[in-house]
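Data first, discussion second: the structure below is written as structure tokens.
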Amino acid sequence: MSAKKKDLYLHIGVHRTATTAIQAAMFHNWKWLKNKGILYPFSVERHIGMFNNIFHGKVKAHDLAADLARRADSHDTAIHTIVMSDEDVSMRNDLSPLLPFTEYFNVKVIFGMRRQDIWLESWWAQNVKGQWDRQLCHITWDDFMADRQRFHWINYDTYLSHLEKLFGISNIKPYVFEKEQMPKGPIAAFCRQFGLHDISEMKPHGGSNISLCPEVSEFVRHLPLIEAKMGVRLNLIEIAEVVDKQIRTENGATLLIPHEQRRAIMEEYDRGNKSIARRYFNRDRLFLEDLPSQDVPVITPALPKSPDEVMTRLVAPFFGELIRRLNMIS
670 MSAKKKDLYL
680 HIGVHRTATT
690 AIQAAMFHNW
700 KWLKNKGILY
710 PFSVERHIGM
720 FNNIFHGKVK
730 AHDLAADLAR
740 RADSHDTAIH
750 TIVMSDEDVS
760 MRNDLSPLLP
770 FTEYFNVKVI
780 FGMRRQDIWL
790 ESWWAQNVKG
800 QWDRQLCHIT
810 WDDFMADRQR
820 FHWINYDTYL
830 SHLEKLFGIS
840 NIKPYVFEKE
850 QMPKGPIAAF
860 CRQFGLHDIS
870 EMKPHGGSNI
880 SLCPEVSEFV
890 RHLPLIEAKM
900 GVRLNLIEIA
910 EVVDKQIRTE
920 NGATLLIPHE
930 QRRAIMEEYD
940 RGNKSIARRY
950 FNRDRLFLED
960 LPSQDVPVIT
970 PALPKSPDEV
980 MTRLVAPFFG
990 ELIRRLNMIS
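The numbering of the sequence shown is the numbering used here, which starts it at 670 and goes up by one.
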């Protein structure tokens, strides 16, 4: 272990804050980052495997930290900062298994926050689209909202308080995922958290992970995509995205939560959000964008009432794109 501890930034979420794009950019700009003394280790876009091994008891954080320190010291470029990223870490109630990292590094935690009402809409759509969790991949919108307290990690005040107790408040790096507060975009906002302020030479590498519109989300919710192998599933999701583009030209509404319910939800989080705003940003409001006005259209996820419409709007276009792709490989 080198005499001076390096900085280790653990980017732990939350979901739906451009984490996929951030991870792709970090991975594909590995050499450029390394030349600046920043290491994005282990040759992966997302460090989910490393973190899961720690939390499942397969690997000790102390051993992984020691290996990481050796890797950092082995480079010809002097490494001063290491960044690891996995948004699923935020879903865990107790992050104390990560404390052994502090034996080798100055550990700092990066935590992106999206306004809770918008996050809930996006998280439902993402679960029924990606279908990795059997408890959520086919859940109705109403049931999802009725059980929303299970998503404890978007109670940001409580979650950050836990992180502060583990690593110290000065080592927590929260930022707000709002356009107004990210003038140069989410990747730049993320990089600022570990001291990289000029990313003009950094090349983006896609990694976008859009939510489907409500009608297509409801259609996909009924499909058994979770039973498909990952490669097949990703192709089926791409096909759903093609259908989604067509539907959006007819109906661009994406909001799911009615105005009064949205206000009530945000009132639940108001006290905690204000506490974070004062603690970290020296202001009263954490999220600066106003809630959507009452005249903004809201749509409840539902299939068309007519079977003919279901076929013409959703099923036929889905199979049409599937057939087109199969024809290309046959």
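A virtual CB, placed ideally from N, CA and C, is assigned to each residue, including glycine. Bear in mind that the values here come from a model prediction, so they are computed numbers and not experimental data.
With the rule of 3 Cβ pairs closer than 8 Å, the stretch 798 to 809 does not count as touching the stretch 835 to 855. In the same chain as A730, and ignoring 5 residues on each side of it, the C-beta atoms closer than 8 Å to its own belong to I723, P766, L767, L768, P769 and F770, in chain order. DSSP, reduced to helix, strand and coil, places P883 within a helical segment of the structure shown. A residue is called buried when at least 16 other Cβ atoms come within 10 angstroms of its Cβ; N796 meets this threshold and is buried. In the three-state DSSP reduction, I748 falls in the coil class, being neither helix nor strand. DSSP lists D676 as the beta-bridge partner residues of N775. Under the three-state reduction of DSSP output, Y844 falls in the strand class. The stretch 878 to 887 makes contact with the stretch 911 to 918: 3 or more CB pairs, one atom from each, lie closer than 8 Å. Y844 is positioned such that its CB atom lies no closer than 7 Å to that of K777.
The alpha-carbon of K834 is positioned some 57 Å away from that of D977.
In the structure shown, the three-state DSSP call for M782 is strand. DSSP places S743 in the uninterrupted alpha helix (DSSP H) bounded by A730 to S743.
Note on V889: 16 or more other CB atoms within 10 angstroms of its CB, so buried under the neighbour-count rule.
By the CB criterion at 7 Å, F956 and R817 fall outside the cutoff.
Collapsing the DSSP output to three states places S765 in a helix. Under DSSP, the beta-bridge partners assigned to I707 are T750.
Distances from the CA of M695 to each of W810, P855 and Y938 were compared; the closest alpha carbon is that of P855. Rounded to whole angstroms, E756 and L892 show a C-alpha spacing of 26 Å. In the assembly as shown, W822 is a buried residue. Its beta-carbon has 16 or more other beta-carbons within 10 Å.
In the structure shown, L924 adopts extended strand secondary structure according to DSSP, grouped into three states. Leaving aside the five residues that flank I779 on each side, the residues in its chain whose CB is nearer than 6 Å to its CB run, in chain order, Y678, H680, K842 and Q862.
Around the CB of N704, fewer than 16 other CB atoms lie within 10 Å, so the residue is classed as exposed. Burial check for R940: the Cβ neighbour count within 10 Å stays below 16, so the residue is exposed.
If you check the CB distance, D786 and I934 come in under 7 Å. Look at V901 here: in three-state DSSP terms it is helix. Rounded to whole angstroms, the gap between the alpha carbons of E919 and L983 is 13 Å. Around the Cβ of P927, a 10 Å sphere holds fewer than 16 other Cβ atoms; the residue is exposed. Leaving aside the five residues that flank R902 on each side, the residues in its chain whose CB is nearer than 6 Å to its CB run, in chain order, L894. Taken in chain order, the complete alpha helix (DSSP H) segments of 4 or more residues contained in the stretch 920 to 975 are 928 to 950. Within the stretch 811 to 868, the runs of beta strand (DSSP E) at least 3 residues long that lie entirely inside it are, in chain order, 841 to 845. Counting along the chain, F770 sits inside no alpha helix (DSSP H), nor does DSSP assign it H or E at all.
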